[in-house]
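Visitor: Pasting in a structure now, in C-alpha cells, and then I'll have a few things to ask.
Protein chains: 2
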Amino acid sequence: MKITGLITLFFTGLFLGSGGVSAQEPIQAISPATNINHAEAELGKKLFFDPRLSKSGFISCNSCHNLSMGGTDNLKTSIGHIWHQGPINSPTVLNASMNIAQFWDGRAKDLQEQAGGPIANPGEMASTHVLAISVLESIPAYRAEFKQVFSTSKITLDHVTKAIAEFEKTLVTVNSRFDQWLEGDKNAITKDELEGYALFKSSGCISCHNGAAVGGNSFQKMGVIKPYKTNSKAIGLAGVTGKEMDRFKFKVPTLRNVELTYPYFHDGEAETLSEAVDTMGQIQLGKTFNKKENAQIVAFLKTLTGEQPSFTLPILPPSTDKTPKPTPFN
Amino acid sequence: MKITGLITLFFTGLFLGSGGVSAQEPIQAISPATNINHAEAELGKKLFFDPRLSKSGFISCNSCHNLSMGGTDNLKTSIGHIWHQGPINSPTVLNASMNIAQFWDGRAKDLQEQAGGPIANPGEMASTHVLAISVLESIPAYRAEFKQVFSTSKITLDHVTKAIAEFEKTLVTVNSRFDQWLEGDKNAITKDELEGYALFKSSGCISCHNGAAVGGNSFQKMGVIKPYKTNSKAIGLAGVTGKEMDRFKFKVPTLRNVELTYPYFHDGEAETLSEAVDTMGQIQLGKTFNKKENAQIVAFLKTLTGEQPSFTLPILPPSTDKTPKPTPFN
C-alpha cells in the first residue's frame, strides 16, 4: 500500500509535470460535458432533428447546424423558409455552451434563450412558438416523453428550449490533437503545427482566441487596425446594446473545429482558412503573414479538430391525424 | 447426438407448424438484408447524408427521404432547389430494395439507377453529375474511401450510385408486430388488428398489396372502379412506356411503415390513413368501408411498422480549398 502510494505520487508528479504545459498555456483542453440530464438531452436531440418545428416541415435545427458537418451548414449565409437568404453565417453549435452569449451579436444570453429564436424567425424556420408547441402536443409519444422528463402534462416553450439546450451541452469535441499535446503528448502535433501555435501567440491572435474554446468569450470589433469591407448589414453588438461603440463588435468565434466550419467570419466571406488568417492578421493585428507563417498557423488551427459528437440518428415519433400540417408553399 | 437430433427435429416441426401461418399468408415477413458490402454501404451512408451532392450544398438524399421520419419528408410533395415545389410525393426509401422498379412511374429499374436522378434534377438537388463528382474528388478522405471500396483512383457516377444503393439495401425494417404474428406469436397483434387484416384480404386490398413489402411489386391504375380526381399532372407508367393503357398506372406503394409515411398517394392528397383507406376502397374496389371496418384496417396497417434503421449519424469529411463551392443563391 505504502509503495503503491509512493508510486502513485511519483506518477502524479510526472503527469502534473507534463500536464503543466496546459496550466501555463492560454488555451485549455476541452473537458467532457458534465452534469447532463440524459433524458432531457435525448428529448432535445429529437427536437433538434425535428423539422416539424418549422412552418414548412422541412427545416430543423440540424439543417443549419448540421452535426455531420461541424455543426454548421458550410454556407456563406444560411437558407431559411422559402429559400430565404439569411443575413449572417451560421455559427457552429459545437462547444457553443462555452460561449459568453449566443448569436454573433450576443442577443441571447445562453443556449436555451437561443433555441427559441430560429423557430419563430420568419426567415429561418418561420413557425410560431404556439404552432410548434401545438404540433408537439398533438403527438402522444412526445407528450409522454415531455411528461417523463419534465413531470408536466403541458408542453411549454421553456421545456422545448431547455431540452434542446441540454442536448447542445453534450456537443463538446474533446481530444483534439492539440488537446492531446496540451495534456502532455509531445508527439500529438508536428513541428510546423507547433510553430504555427507559437506564431498564433506571438502575433496576438491569442489575445481574443483563448480559453478552452479558443474564442467565444468576448466581443471584439471586426476591423481594429483597418476597417473591414463587407456588404453585410450586420452591425453586431450595437444592435443589442444600442451603443455606437459596439458597432461591428461581434462575438469572437470559437476556433475549435475551425477546419470543419468554413466559410468564415460573420458574413461568411472568407472561403478558406488561409484567407481568414490573412484577413485577420491585416485588419485586427496590422500584420501581414508570409506564406510560410500563414501555412503554419493554418496547420495549427487544424489540430483543434476534436472528436465529433457520435450518436444514433434519432427516430422521430410520427404525427397523428390531429397534428397541424406543415405548410411549405403557403 | 441421436437424442439431440430428435429434439431438433421435434422443435423444427413445431416451428414449421407455427411458421406455417406465414407460408399460407399472402404477406411474408421481411428478412434482414443479406449480402451487404459493408464498406460500400458505409460510404453510401455518407453520400446519402451529404448535401454537397446538391448545387446549394443544402439538400441531401436524406432531406426528402428522411430516415428519422420513415424515409420520407412527410410533405404532400417535396421541396427542391430554390424551394421548388416537386410534382409528386416522395416515396419512402425504407424497403425500397424490394420494389419492382423505382419512382412512382418505375422509370428507374433499381436503386442504383434511381440514385443518380435527384442529384441532377433541376427541381431537386439541381447539381450535375460532373459537378457532384468533382466535389467528391476534391475531398481527400472521400478519394481514399472510394479507393478502398472500389479499388479505383477515379470516382465515377457509377461508384457513387452503387454505394448509395448499397446503403439503401440495408434499410429494411424487420420485426414489425405483424411479422411477429406471421412468425407464430399469436399475441403480437390484437383482435381488431387481426380483423382488419381479414378485411384487408377479403375486400381485395391484398390483390395489389401483397408480398414481403405489402406492395411495391406491380403497377396498377389509380382509379379502377371510379376515376381518381386530382390536380396532379403525373401520368404514371405511360410516361415511361408511351402506351395509353399505362396512363395513371403507378407503382403500388409498399405499406410497410405506412403509419410513418403520411401523407399518401402519388399526389400526397390523402392526409390520413383513414382517408387513404376510404379512397382506395371506393376507387379501386368499389367498396365503402364503414367506420368500424376503416378503423380495423387502419389498425392492421399500423402493425406493419418495423424496426427503423439504427445507425450512427455519419460525420462527413470536410471540403478543401479546392472544393467547388455551393451556389444556393445563383
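Chains A and B, in that order, are what the protein sequence lines are. Residue numbering for the first sequence is 1 to 330, as defined by the numbering used here. Residue numbering for the second sequence is 1 to 330, as defined by the numbering used here. Glycine is no exception: its CB is placed at the ideal position from the N, C-alpha and C atoms.
1. Are there 16 or more other CB atoms within 10 angstroms of the CB of T305 (chain A), so buried, or fewer, so exposed?
2. Quick one: measure Cβ to Cβ for N210 (chain A) and I82 (chain A), integer angstroms, because I've assumed they're closer than 8 Å.
3. Express the C-alpha separation of G184 (chain B) and G13 (chain B) in angstroms, rounding to a whole number.
4. Near K302 (chain B), which residues of its chain fall below 6 Å by C-beta distance, leaving aside the five closest residues on each side in sequence?
5. Curious, which full-length beta strand (DSSP E) runs of at least 3 residues does the stretch 160–208 of chain A contain?
6. Which whole-angstrom value is the C-beta distance of V93 (chain A) and T323 (chain A), which I expect to be below 8 Å?
7. Out of B:T190, B:E42 and B:D179, state which residue places its alpha-carbon closest to the alpha-carbon of T170 (chain B).
8. Does S56 (chain B) get closer than 8 Å to chain A when you measure Cβ to Cβ?
9. Can you tell me whether F329 (chain B) is buried or exposed? The criterion is at least 16 other CB atoms within 10 Å of its CB, across all chains shown.
10. For I7 (chain A) and chain B, any beta-carbon pair shorter than 8 Å?
11. Opposite Q284 (chain A) in the DSSP bridges: which residues?
12. Is G215 (chain A) near D105 (chain A), with beta carbons less than 8 Å apart?
13. Can you give the Cα-Cα distance for L285 (chain B) and P253 (chain B), rounded to whole angstroms?
14. When DSSP labels each residue in this structure, what does Y228 (chain B) get in the three-state scheme?
15. Return the chain-ordered ranges of every beta strand (DSSP E) run that is complete within the stretch 46–111 of chain B and spans a minimum of 3 residues.
16. Is there a Cβ from chain A that is less than 8 Å from the Cβ of N294 (chain B)?
17. Classify A238 (chain B) as helix, strand or coil using the three-state DSSP reduction.
18. Kindly indicate the opening and closing residues of the alpha helix (DSSP H) around F146 (chain A).
19. Pull out every residue of the stretch 68–81 of chain A whose Cβ sits closer than 8 Å to any Cβ of chain B, in chain order.
20. Would T161 (chain A) be called buried (16 or more neighbouring beta carbons within 10 Å of its own) or exposed?
21. From the DSSP secondary-structure annotation, give me the bridge partner or partners of Y264 (chain A).
22. Could you pull the DSSP bridge partners for T320 (chain B) from this structure?
23. Let me check understanding here. Comparing Cα to Cα, which of B:N231, B:F48 and B:T72 lies closest to I119 (chain B)?
24. Under 9 Å between beta-carbons, which chain A residues line up against K154 (chain B)? List them in chain order, please.
25. Is any beta-carbon of chain B found at less than 8 Å from that of D321 (chain A)?
26. Helix, strand or coil: which one does DSSP assign to K302 (chain A)?
27. Specify the secondary structure class of L6 (chain B) as computed by DSSP and reduced to three states.
28. 8 Å is my cut-off, CB to CB: does P326 (chain B) come that close to chain A?
29. Between A:S274, A:A33 and A:P32, which has its C-alpha nearest F300 (chain A)'s C-alpha?
30. Could you name the residues of the same chain whose beta carbon sits closer than 6 Å to that of K2 (chain B), not counting the 5 residues immediately before and after it, in chain order?
31. Determine, using beta carbons only, whether E269 (chain A) comes closer than 8 Å to chain B.
32. When burial is assigned at 16 or more other CB atoms within 10 Å of the CB, is E124 (chain A) buried or exposed?
33. What's the gap between the Cα of L313 (chain B) and the Cα of T190 (chain B)?
34. Could you spell out where the alpha helix (DSSP H) holding L136 (chain B) opens and where it closes?
35. Return the residues of the stretch 248–259 of chain A that lie within a Cβ-Cβ distance of less than 9 Å from chain B, sorted by chain order.
36. Give the secondary structure of K291 (chain A) by DSSP, where H, G and I count as helix, E and B as strand, and everything else as coil.
Guide: Put simply:
1. Here residue 305 (chain A) is taken as the residue at index 305 of the first sequence, counted from 1. Its Cβ being crowded by 16 or more others within 10 Å, T305 (chain A) is buried.
2. By one-based count along the first sequence, residue 210 (chain A) stands at place 210. By one-based count along the first sequence, residue 82 (chain A) stands at place 82. At roughly 41 Å, the Cβ-Cβ gap does not stay under 8 Å, so N210 (chain A) and I82 (chain A) are not in contact.
3. Within the second sequence, numbered from 1, the residue matching residue 13 (chain B) stands at position 13. Within the second sequence, numbered from 1, the residue matching residue 184 (chain B) stands at position 184. Bear in mind that a pLDDT of 38 at G13 (chain B), under 50, signals an unreliable position, so the model cannot answer this.
4. Sequence index remark: in the second sequence, residue 302 (chain B) carries index 302 (1-based). So the list reads E259, once near-sequence residues are dropped.
5. Segments of the beta strand (DSSP E) lying fully in the stretch 160–208 of chain A: there are none.
6. For the purposes of this step, residue 93 (chain A) is taken as the residue at position 93 of the first sequence. For the purposes of this step, residue 323 (chain A) is taken as the residue at position 323 of the first sequence. Taking 8 Å as the upper bound for CB-CB distance, V93 (chain A) and T323 (chain A) are not in contact here, some 27 Å apart.
7. Residue numbering aside, residue 170 (chain B) sits at position 170 when the second sequence is read from its first letter. Selected option, being the one with the closest Cα: B:E42.
8. The sequence position of residue 56 (chain B) within the second sequence is 56, counting from 1. With 8 Å as the cut-off, S56 (chain B) counts as an interface residue toward chain A.
9. Walking along the second sequence from the start, residue 329 (chain B) turns up at place 329. Exposed.
10. The residue labelled residue 7 (chain A) in the question sits at position 7 within the first sequence. For I7 (chain A), the predicted structure reports a pLDDT of 44, less than 50, and the residue's modelled location is therefore unreliable. A value from the coordinates is still provided. Cβ-Cβ to chain B under 8 Å: no for I7 (chain A).
11. The sequence position of residue 284 (chain A) within the first sequence is 284, counting from 1. DSSP output for Q284 (chain A) lists no bridge partner at all.
12. Working through the first sequence from its first residue, we reach residue 215 (chain A) at position 215. Working through the first sequence from its first residue, we reach residue 105 (chain A) at position 105. Result no, Cβ atoms of G215 (chain A) and D105 (chain A) do not sit closer than 8 Å.
13. In the second sequence, counting from the first residue as 1, residue 285 (chain B) sits at position 285. In the second sequence, counting from the first residue as 1, residue 253 (chain B) sits at position 253. Cα to Cα, L285 (chain B) sits roughly 17 Å from P253 (chain B).
14. Along the second sequence, read from residue 1 onward, the residue named residue 228 (chain B) stands at position 228. Correct three-state label for Y228 (chain B): coil.
15. none
16. Numbered from 1 along the second sequence, position 294 holds the residue referred to as residue 294 (chain B). It does not: the Cβ of N294 (chain B) has no partner Cβ on chain A nearer than 8 Å.
17. Along the second sequence, read from residue 1 onward, the residue named residue 238 (chain B) stands at position 238. Looking at A238 (chain B) - three-state DSSP - the assignment turns out to be helix.
18. Taking the first residue of the first sequence as 1, we reach residue 146 (chain A) at position 146. Start and end: P140 to F150.
19. S68, M69, G70, D73, N74, L75 and I79
20. The count along the first sequence starts at 1 and reaches residue 161 (chain A) at position 161. T161 (chain A) is buried by the Cβ-count criterion.
21. Reading the first sequence from its first residue, position 264 is the one you call residue 264 (chain A). Beta-bridge pairing links Y264 (chain A) to A:A270.
22. Against the second sequence, residue 320 (chain B) aligns to sequence position 320. In DSSP, T320 (chain B) forms no bridge with anything.
23. Working through the second sequence from its first residue, we reach residue 119 (chain B) at position 119. The candidate whose alpha carbon is nearest that of I119 (chain B) is B:F48.
24. Walking along the second sequence from the start, residue 154 (chain B) turns up at place 154. Residues of chain A passing the Cβ test: none, with the nearest at roughly 25 Å.
25. Residue 321 (chain A) sits at position 321 when you count from the first residue of the first sequence. Interface residue, yes.
26. For the purposes of this step, residue 302 (chain A) is identified with residue 302 of the first sequence, where counting begins at 1. Correct three-state label for K302 (chain A): helix.
27. To locate residue 6 (chain B), count along the second sequence from 1; it is residue 6. Note that L6 (chain B) has pLDDT 43, beneath the 50 cutoff, so the model's placement of it is unreliable and the number below is only indicative. Helix.
28. Your numbering for residue 326 (chain B) matches position 326 in the second sequence. Yes, contact with chain A.
29. Numbered from its first residue, the first sequence carries residue 300 (chain A) at position 300. Selected option, being the one with the closest Cα: A:S274.
30. Taking the first residue of the second sequence as 1, we reach residue 2 (chain B) at position 2. Summary for K2 (chain B): the model assigns pLDDT 45, below 50, so the residue's position carries little reliability; its value from the coordinates is reported in the next sentence. None.
31. Taking the first residue of the first sequence as position 1, residue 269 (chain A) is located at position 269. Chain B contact via Cβ: absent.
32. The residue labelled residue 124 (chain A) in the question sits at position 124 within the first sequence. Under this definition E124 (chain A) is a buried residue.
33. Stepping through the second sequence from its first residue, residue 313 (chain B) is reached at position 313. Stepping through the second sequence from its first residue, residue 190 (chain B) is reached at position 190. C-alpha separation (whole angstroms): 35 Å.
34. As a first step, residue 136 (chain B) is located in the second sequence; it is residue number 136 there, counting from the start. Per DSSP, L136 (chain B) belongs to the alpha helix (DSSP H) from H129 to E137.
35. E259
36. Position 291 of the first sequence, counted from the first residue, corresponds to residue 291 (chain A). Three-state result, K291 (chain A): helix.
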